[in-house]
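>
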Amino acid sequence: MSILNTRLIYHLSKRSFSATPSILAHWNKDWKPGKYPTTEEEKLAAAKKYGLLPQEYEPVPDDGHGSGDYPGFKPYSVESRDPFYPWDYPEYRRNFNEALHEDFNLYGQDRYDVNYRNVLSLPKMLTVFLLVAGSFLGLIYVGEYTAFLPMMPQHMPAPGVKHYTYKPNVQD
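In terms of the numbering used here, the sequence shown has 112 at position 109, counting the first letter as 1, and numbering is strictly consecutive.
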């Protein structure tokens with residue numbers, strides 16, 4: 004009976020109830036992008052392959068690096084997405100079967116944020132740095148900085164008097 008259940012589970016797990024064809028890919032070669040689309044029919048086929056509407060599909064520009072028919076998206080950072088939305092994959096803040104940017108791994112929560120803006124402008128940051136560094140350099144220059152070992156003269160009751168010897172005291 005357990006063999007029957009195993010086979011049944013195996014066959015049911017191969018079925019996909021989603022309407023998007025990208026779930027039906029079972030092997031690495033199925034995920035590999037195709038050739039760069041040049042005709043309108045190829046663009047429609049690529050849009051269907053990636054589960055996008057034809058008006059949404061725009062391939063990555065062909066620069067010779069082999070992106071093929073993969074769709075080009077505007078990069079977005081995980082940090083800039085709503086943290087309180089019930090995502091299917093909350094660690095990536097994305098939903099199941101959501102199309103990803105070609106360089107998705109560069110825009111993770113612990114990586115580059117596309118929407119980050121500095122609090123201070125570059126001239127203000129440079130001014131603050133020069134003020135702090137200049138203050139420390141001024142203090143070092145103005146202050147007398149001499150390195151020495153503090154040492155006092157050896158304590159002797161009278162100069163030149165010997166208080167001990169290593170020779171035995173011999174009576175002549």
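Don't be surprised by glycine CBs; every beta carbon is placed ideally from N, CA and C.
#1: Secondary structure at SER19, three-state DSSP: helix, strand or coil?
#2: What did DSSP end up calling TYR39 once you bin it into helix, strand or coil?
#3: Pairing CB atoms from the segment 97-116 with CB atoms from the segment 69-83, are three or more of them under 8 Å?
#4: Mind checking which residues open and close the alpha helix (DSSP H) that includes MET128?
#5: Inspect the beta-carbon positions of TYR73 and PRO89 and report whether they are closer than 8 Å.
#6: Quick check on DSSP: helix, strand or coil for TYR110?
#7: Can you list, in chain order, the residues of its chain whose CB lies under 6 Å from that of ALA50, leaving out five sequence neighbours each side?
#8: Apply the 10 Å Cβ neighbour rule to LYS52 and answer buried if 16 or more other Cβ atoms are within range, or exposed otherwise.
#9: In whole angstroms, what separates the C-alpha of TYR92 from that of PRO86?
#10: Which parts of the segment 58-98 are runs of the beta strand (DSSP E), unbroken and 3 residues or longer, counting only runs that do not cross its ends?
#11: Starting from ASN31, trace the alpha helix (DSSP H) in both directions and tell me its first and last residue.
#12: Rounding to the nearest angstrom, what Cα-Cα distance links LYS35 and ASN100 in this structure?
In brief:
#1: Confidence in SER19 is poor, its pLDDT being 47 and thus under 50, which makes the residue's placement too unreliable to answer from.
#2: coil
#3: yes
#4: 125-145
#5: no
#6: helix
#7: PRO57 and TYR60
#8: buried
#9: 11 Å
#10: none
#11: 31-34
#12: 16 Å
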